[in-house]
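> Numbering (my numbering) for the sequence shown: 18 to 198.
Ideal Cβ positions, reconstructed from N, Cα and C, are used throughout, including at glycine.
Predicted, not measured: the structure shown is a model, and the values here were computed from it.
Below is one structure. I have some questions about it.
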Amino acid sequence: MRLNKIEIKGFKSFGDKTTINFNSGVTGIVGPNGCGKSNIVDAIRWVLGEQKTSLLRSDKMENVIFNGSKSRKKLQLAEVSISFDNTKNLIPTEYSNVSITRKYFRSGDSEYLLNDVKCRLKDITNLFLDTGISSNNYAIIELSMVDNILNDKDNSRLSLFEEASGISKFRKRKKETFNKI
C-alpha cells in the first residue's frame, strides 16, 4: 500500500485545486516558511478523519476552509482527497486503488466518500484499522510529537509501540464492545 496522490482544494491556504503525486521511493516536501508544507500534513490527517482541531493547528473546524485573501473571496467548502495504491491488497477491499475524500462546508455539514461513494467516517476507520493508517497514528509525525515521545509525555511511547505492533486496533474493538454492554 502506497500513497499515490493528494488533491487539496479550499483547505487552509490552498484556495486553488492542488494535486501532489507521490512516486515510489521517498518523497520530501520542502519549501520556505509559510508556503503550506504543514498544511499538506494537516490535510492528510484531516482526510483520514482527524476531529481534534488542535491537531490541525486550528481553533475550530470552520477554519480549515480557505478564508480568502486580498484578491480572492473566501470559499464555502474544503475538500481533500487521497489515493492509495492497493495492488498488494493490504487494504481489505477488491479495489486496486482506494480513494478517500472528505468535504466540509461552512454550514457545518461534512461528507466522506470512499471511492466516490458516500460513507461514514467509521467505515473509513474500519477499512484502515489493520493497515496502521489512521488520523492518530505514527505514520504522520510532527516535530512536537517527537518531543513528546522522547520525553514520554502522556504515555506517547506506549501509544507508539501499541500502534506499531497492531495492539491499538484490539484496544479500540475492546472499548467498542464494552460500550455496547
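Just to confirm the assignment, what range does the beta strand (DSSP E) spanning Glu67 have?
No beta strand (DSSP E) contains Glu67, which DSSP labels as neither H nor E.
> Take the Cβ of Asp59 as the centre, count every other Cβ of all protein chains shown within 10 Å, and call the residue buried at 16 or more, exposed below.
It is buried - the Cβ of Asp59 has at least 16 other Cβ atoms within 10 Å.
> State the Cα-Cα distance for the pair Lys192 and Asn172, rounded to the nearest angstrom.
Their Cα atoms are separated by approximately 18 Å.
> Figure out for me which residue from Phe101, Arg74 and Leu94 has the closest Cα to the Cα of Asn132.
Asn132 has its Cα closest to that of Phe101, out of Phe101, Arg74 and Leu94.
> Can you tell me whether Phe101 is helix, strand or coil according to DSSP?
Three-state DSSP puts Phe101 in a strand.
> What do you reckon, are the CB atoms on Ile23 and Ile57 nearer than 9 Å?
Contact flag set, yes.
> Is Lys34 near Asn80, with beta carbons less than 9 Å apart?
No, the Cβ-Cβ distance between Lys34 and Asn80 is not below 9 Å.
> Below 8 Å, how does it come out for the segment 61-71 and the segment 117-129: are there three or more Cβ pairs, yes or no?
Yes: the two stretches touch, three or more of their Cβ pairs being nearer than 8 Å.
> Taking the beta strand (DSSP E) that Leu130 falls in, what are its first and last residues?
It spans Ser127 to Leu131 - the beta strand (DSSP E) in which Leu130 sits, taken as one unbroken run.
> So is Val97 buried or exposed if we call it buried at 16+ other beta carbons inside 10 Å?
By the neighbour-count rule (16 or more Cβ atoms within 10 Å), Val97 is buried.
> Exposed or buried, Ser185, counting other C-beta atoms within 10 Å across all chains shown (16 or more means buried)?
Flag for Ser185 reads buried.
> Judging by CA-CA distance, which residue of Ser127, Gly48, Ile108 and Glu128 is the nearest neighbour of Thr148?
Of the candidates Ser127, Gly48, Ile108 and Glu128, the one whose C-alpha sits nearest the C-alpha of Thr148 is Ile108.
> Using three-state DSSP, classify Val81 as helix, strand or coil.
Residue state, collapsed to three classes: helix.
> Does the distance from the C-beta atom of Tyr121 to that of Leu94 stay below 9 Å?
In contact: Tyr121 and Leu94 (Cβ atoms closer than 9 Å).
> What did DSSP end up calling Lys22 once you bin it into helix, strand or coil?
If DSSP states are grouped into helix, strand and coil, Lys22 belongs with the strands.
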